[in-house]
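If you're matching positions, the sequence shown starts at 1 in the working numbering and goes up one per residue.
Presented below is the structure to which this report refers.
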Amino acid sequence: MIPMANTPTARSLEMMDETEMERLIVQLEQDALSTDEKARIIRVLRSYYFAARLLKEAGTKLKTIRDFFSEGAQKQRRP
Numbered sequence: 001m002i003p004m005a006n007t008p009t010a011r012s013l014e015m016m017d018e019t020e021m022e023r024l025i026v027q028l029e030q031d032a033l034s035t036d037e038k039a040r041i042i043r044v045l046r047s048y049y050f051a052a053r054l055l056k057e058a059g060t061k062l063k064t065i066r067d068f069f070s071e072g073a074q075k076q077r078r079p
């Protein structure tokens, strides 16, 4: 479990565009990330964990956290 001091808040979460995320993934695969980039990835992963924990506490039934994000994207695409 993440200690409360490391739990993200709405103000601390950064939005990352798809291009930035793809660039970080490539660098992660090549092990070519700077300390700042590694910290950014950690913040994103913590935010996903935080969202999953909130959903679990609320009793939301999901197979994976990916289901939550996929459903949200699918709902936005529908007219």
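Every residue, glycine too, gets a C-beta built ideally from N, C-alpha and C.
Item to check | Span separating the alpha-carbon of R43 from that of Q27 | outcome: 17 Å
Item to check | Sequence-distant residues of its chain with Cβ nearer than 6 Å to G59 (five each side left out) | outcome: none
Checklist entry - Run through DSSP, which three-state label would T60 get? => result coil
Checklist entry - Helix, strand or coil for S47 per DSSP? => result helix
Checklist entry - Would you call the CB atoms of L24 and L33 closer than 9 Å? => result yes
Checklist entry - How big is the Cα-Cα spacing for E20 and E57? => result 31 Å
Checklist entry - Taking the alpha helix (DSSP H) that Q27 falls in, what are its first and last residues? => result 18-29
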